[in-house]
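Q:
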Amino acid sequence: MSVIAEVTIPSAAFELGQILRVEGPTRISLETMVPLGGRPTPFVRIRNDARESFERSVRGHPSVNDIRLVDTHGDESLYSLDWDPSDASLLRTFLDLDAALLDATGDADVWGLELRFPTHEALSAFQDYYTEENIDVSVERIYNPTKPDAGPWYGLTPPQRETLADAVEAGYYSLPRQISTQELADSFDISDQAVTERLRRGISTLVRNTLLVEEPEE
Numbered sequence: 019m020s021v022i023a024e025v026t027i028p029s030a031a032f033e034l035g036q037i038l039r040v041e042g043p044t045r046i047s048l049e050t051m052v053p054l055g056g057r058p059t060p061f062v063r064i065r066n067d068a069r070e071s072f073e074r075s076v077r078g079h080p081s082v083n084d085i086r087l088v089d090t091h092g093d094e095s096l097y098s099l100d101w102d103p104s105d106a107s108l109l110r111t112f113l114d115l116d117a118a119l120l121d122a123t124g125d126a127d128v129w130g131l132e133l134r135f136p137t138h139e140a141l142s143a144f145q146d147y148y149t150e151e152n153i154d155v156s157v158e159r160i161y162n163p164t165k166p167d168a169g170p171w172y173g174l175t176p177p178q179r180e181t182l183a184d185a186v187e188a189g190y191y192s193l194p195r196q197i198s199t200q201e202l203a204d205s206f207d208i209s210d211q212a213v214t215e216r217l218r219r220g221i222s223t224l225v226r227n228t229l230l231v232e233e234p235e236e
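Per our numbering, the sequence shown runs over residues 19 to 236.
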């Protein structure tokens, strides 16, 4: 049975945090992770005013082949990262354990990760790994979305929950649609692509944690 863990980790303590370095109060979000050519390709979003130093820092990392600007909207830019993760990286451990990275947001000091492990044994293996490697991981919350005490939000992050709720209440899913993607995005002061991605990931999380859960054994 799957289990979700919300953890925080110092930016300097794992490879992706070292690569995607930002300065000051700037925050960066990992939009998705796509397997391309046998390698996990991250797509990351950052404010435009941090682009120059961000690009320079990322390109200077030895494991990075290239960073490509995918899209710019308003004050945000979306990048894809072409890199060669090491076999001993924390991300590689996630993939080897069949864990899904549901959400990841970081700043200059710390990253918050939401991970869905296929079993409690996989989560235990992850905990054994970061303990043995002396990686300073702080577990904020662990829950099984099928249990009554898992909480009412089925693994949704607060932004996902708020955006989905507002979208429904504002008539985004009504026929005819009563609010546009851009109008919904404006209410959160983010781009229309960002709000679309937030809705997509929120719906995906809801389905995984409600309709696709395994039936408990008798």
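For each residue, glycine too, the CB sits at the ideal point set by N, CA and C.
Could you tell me the distance, in whole angstroms, from the CA atom of W101 to the CA atom of L109?
A: One C-alpha to the other measures close to 12 Å.
Q: Could you pull the start and end residues of the beta strand (DSSP E) that A185 belongs to?
A: That residue, A185, is in no beta strand (DSSP E); its alpha helix (DSSP H) goes P176 to E187.
Q: Around the C-beta of R86, are 16 or more other C-beta atoms found within 10 angstroms, so that it is buried, or is it exposed?
A: For R86, the number of other beta carbons within 10 angstroms of its own is below 16, and it is reported as exposed.
Q: Go to S107, then tell me how far its alpha helix (DSSP H) extends in each direction, as first and last residue.
A: Counting along the chain, S107 falls outside any alpha helix (DSSP H), and DSSP gives it neither H nor E.
Q: Where DSSP assigns a beta bridge to R246, which residues make up the other side?
A: Missing from the structure shown is residue 246; the chain here goes from 19 to 236 and no further.
Q: Under three-state DSSP, which class holds A117?
A: In the structure shown, A117 sits in coil (DSSP, three-state: anything other than H, G, I, E or B).
Q: Note down, in chain order, each residue of its chain lying with its Cβ closer than 7 Å to the Cβ of Q200, except the 5 sequence neighbours on either side.
A: D210
Q: Can you have a look at A30 and say buried or exposed, based on whether 16 or more other CB atoms are within 10 angstroms of its CB?
A: exposed
Q: Below 7 Å CB to CB, which residues in the same chain sit around S71 once its five sequence neighbours on both sides are set aside?
A: E41
Q: By Cβ distance below 8 Å, which residues in the same chain neighbour S156 in space, the five residues on each side in sequence not counted?
A: V25, T26 and I27
Q: Could you compute how far the alpha carbon of D105 sits from the alpha carbon of E158?
A: For D105 and E158, the distance between alpha carbons rounds to 27 Å.
Q: Note down the Cα distance separating D154 from I160, rounded to an integer number of angstroms.
A: 17 Å
Q: P194: buried (16+ other C-beta within 10 angstroms of its C-beta) or exposed?
A: Per the 10 Å Cβ criterion, exposed.
Q: Exposed or buried, P60, counting other C-beta atoms within 10 Å across all chains shown (16 or more means buried)?
A: That one is buried.
Q: Cutting at 6 Å between CB atoms, please list the residues of its own chain near L5, excluding the five before and the five after it.
A: In the structure as shown, the chain begins at 19 and stops at 236. Residue 5 is therefore absent and cannot be evaluated.
Q: Note down, in chain order, each residue of its chain lying with its Cβ closer than 8 Å to the Cβ of D89, except the 5 sequence neighbours on either side.
A: Excluding sequence positions up to five before and after D89, its CB lies within less than 8 Å of the CB of S95, L96 and Q211, all in the same chain and listed in chain order.
Q: What is the DSSP secondary structure of R195, reduced to helix, strand or coil?
A: Looking at R195 - three-state DSSP - the assignment turns out to be coil, as it is neither helix nor strand.
Q: Do the CB positions of L115 and F144 come within less than 9 Å of each other?
A: Result yes, Cβ atoms of L115 and F144 sit closer than 9 Å.
Q: Report, in whole angstroms, the separation of the C-beta atoms of T181 and L217, which I expect to be a contact under 8 Å.
A: 6 Å
Q: Please state if the CB of D125 and the CB of R65 are separated by a distance shorter than 9 Å.
A: Contact: no.
Q: I think A183 touches L202, with their Cβ atoms under 8 Å apart; what is that distance to the nearest whole Å?
A: In fact, because the Cβ distance is near 11 Å, the residues do not count as touching under 8 Å.
Q: Nearest-angstrom Cα distance between S192 and L48?
A: 30 Å
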